[in-house]
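Just below is one structure, and these are the notes that go with it.
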Amino acid sequence: MKGTINGESLRDLYKSLRVNVLSLDIYTGIMLLLYSIMALIFYPYVPMASSILFQNVLIASTIIASILLYSLTGSRVFALLRYFYIIPVIYIMYDQTHFFVRVVHPVDYDDVLIVVDRIIFGTDPTMWFSKYSFPALTEYLQICYFLFYLMPIMQAVELWKRNDIKRLESFARAMAFCYFISYVMYFGMPAVGPRFTLHDFSTINTDLPGLFLTNILRGLIDAGGGITWGAADPISIVNRDCMPSGHTMLTLVNISLAFFNRSKFRWFFAVVGGSLVISTVYLRYHYGIDVLFGAALVLLTLPLEPIADRAIKRYLDTK
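Per our numbering, the sequence shown starts with residue 145, numbered consecutively.
Printed below as a string of structure tokens:
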């Protein structure tokens with residue numbers, strides 16, 4: 145979306161900002177505002193509250209600058225910033241989420257999720273998978289799980305290289321919307337997952353061994369989930385991000401959009417993404433109900449996002 149700025153006045157700057165803002169920016173701005181308000185309200189209780197506020201001001205400033213600079217220049221460099229800033233922001237907001245979850249809702253619901261699993265499946269799904277585990281399968285599924293972080297970027301880069309900006313914008317919007325919905329949902333039923341409750345986290349490398357990369361990838365994922373290397377009590381610091389399964393939700397969104405966009409990677413995403421969904425339980429990160437609920441949310445959020453986008457555009461057009 146390209147506009148012009150004459151630089152004559154603040155009114156002109158505001159008009160250009162409003163005309164060129166994307167729903168992606170609004171979704172991100174809402175999350176930044178929400179977490180900034182929470183950082184102020186719970187300031188004495190939230191670790192690094194000052195840092196969170198600084199991060200959010202910096203992110204908001206970067207978004208505004210990207211809108212104005214792209215509007216002014218139409219430069220492909222600023223277009224790259226315009227549509228790809230969301231990648232680091234998604235991970236920053238993920239980290240911020242877990243500072244607040246522990247303060248706002250400091251209760252773990254693993255016991256409830258375990259009971260629900262047993263009602264639905266008649267057993268603990270991770271225990272059932274344990275009977276069929278072997279190192280080569282564990283290695284493959286751990287790699288698939290790790291590729292969660294790369295597959296959406298692959299699709300975004302493909303759309304960028306195609307110069308299909310309309311679909312790139314739509315893709316970025318949908319992914320951000322669904323990511324942010326999953327973050328908000330973590331506040332509802334915080335949980336640490338079966339690797340801590342049904343299994344012994346300290347022995348997972350021997351109980352569920354891989355071949356070459358499994359332990360390395362596990363360590364990286366643990367670090368991303370809040371577990372510092374050598375932590376004496378990892379369950380006390382791990383992120384409470386099991387319910388819903390964001391890996392399931394966002395992987396299914398990425399697959400759906402890949403087929404809609406006719407991505408050349410769509411079958412790769414389907415195979416690896418399908419394996420990833422299985423891996424969430426096999427690798428003991430999630431309960432079965434987490435995966436089912438994450439999949440159900442896709443059916444809600446994918447149709448809801450275009451409605452939100454149209455509502456935002458109508459609102460901006462009337463101002």
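In this text, a Cβ means the ideal position worked out from N, Cα and C, and glycines have one as well.
Contact belief for residue i with residue j at Cβ below 8 Å, rounded distance in angstroms
i       : j       : result
Met-298 : Phe-409 : 6 Å
Ala-320 : Ile-451 : The pair is not a contact, with the Cβ atoms about 15 Å apart (cut-off 8 Å).
Phe-324 : Met-175 : 5 Å
Pro-353 : Pro-279 : 5 Å
8 Å Cβ cutoff met for residue i and residue j
i       : j       : result
Arg-262 : Tyr-330 : no
Tyr-289 : Leu-427 : yes
Ile-211 : Val-247 : no
Ala-375 : Asp-254 : no
Leu-216 : Met-387 : no
Leu-361 : Ile-287 : yes
Leu-225 : Val-416 : no
Ile-208 : Thr-172 : no
Ser-180 : Leu-161 : no
Leu-396 : Pro-296 : no
Cys-322 : Thr-445 : yes
Ile-422 : Leu-285 : yes
Pro-378 : Phe-345 : yes
Ile-433 : Val-221 : no
Gln-199 : Ile-170 : no
Gly-369 : Val-382 : yes
Thr-392 : Gly-438 : yes
Residue i versus the options, residue with shortest Cα-Cα distance
i       : options                            : result
Leu-355 : Asn-307, Ser-277, Asp-453          : Ser-277
Val-328 : Val-397, Pro-232, Gly-390          : Gly-390
Ile-203 : Ser-423, Leu-177, Leu-184, Lys-305 : Leu-177
Pro-269 : Tyr-431, Ala-318, Leu-444          : Tyr-431
Phe-315 : Asp-453, Gly-218, Met-271, Gln-199 : Asp-453
Tyr-214 : Gln-199, Pro-191, Val-163          : Val-163
Val-435 : Leu-446, Gly-418, Arg-220, Gly-218 : Gly-418
Phe-243 : Ser-194, Val-221, Val-259, Ala-223 : Ser-194
Arg-406 : Ala-223, Val-382, Pro-279, Arg-311 : Arg-311
Ser-167 : Ala-318, Pro-447, Val-260, Leu-303 : Ala-318
Phe-340 : Ser-423, Ile-309, Ser-380, Val-442 : Ser-380
Thr-424 : Asp-308, Thr-282, Met-182          : Thr-282
Trp-272 : Pro-188, Met-182, Pro-338, Met-192 : Pro-338
Lys-305 : Thr-267, Ala-223, Leu-352, Gly-369 : Ala-223
Phe-186 : Asn-307, Gln-240, Leu-357, Val-201 : Gln-240
Pro-250 : Leu-420, Lys-275, Tyr-189          : Tyr-189
Val-245 : Ala-183, Glu-313, Val-442, Leu-441 : Ala-183
Pro-447 : Tyr-429, Leu-401, Lys-457          : Leu-401
Leu-364 : Tyr-293, Lys-159, Thr-347, Ser-274 : Tyr-293
Lys-275 : Asp-351, Leu-303, Met-192, Ser-326 : Asp-351
Ala-300 : Asn-398, Ile-234, Ser-326          : Asn-398
Ser-326 : Leu-441, Met-192, Ser-219          : Leu-441
Min CB distance residue i to chain D below 8 Å
i       : result
Leu-446 : In the structure shown, chain D cannot be found, because there is only a single protein chain.
Residue i - containing alpha helix (DSSP H), residue span
i       : result
Cys-322 : 309 to 329
Leu-166 : From DSSP, Leu-166 is part of no alpha helix (DSSP H); its letter is neither H nor E.
Ile-263 : 254 to 265
Met-192 : No alpha helix (DSSP H) contains Met-192, which DSSP labels as neither H nor E.
Thr-282 : 279 to 290
Phe-273 : 269 to 274
Val-301 : 295 to 306
Thr-241 : 230 to 248
Gly-363 : 358 to 368
Asn-349 : 348 to 351
Ser-508 : Not covered by the structure: residue 508. The range shown for the chain is 145 to 463.
Pro-338 : 338 to 341
Any non-hydrogen atom of the ligand MN closer than 7 Å to residue i Cβ
i       : result
Leu-224 : As presented, the structure is devoid of all ligands, the ligand MN included, so that no description of it is given.
Counting only runs that start and end within the stretch 385 to 462, where is the alpha helix (DSSP H) found for 4 or more residues in a row? 390 to 404, 410 to 426, 432 to 462
Whole alpha helix (DSSP H) elements within the stretch 200 to 232, 4-residue minimum: 220 to 228
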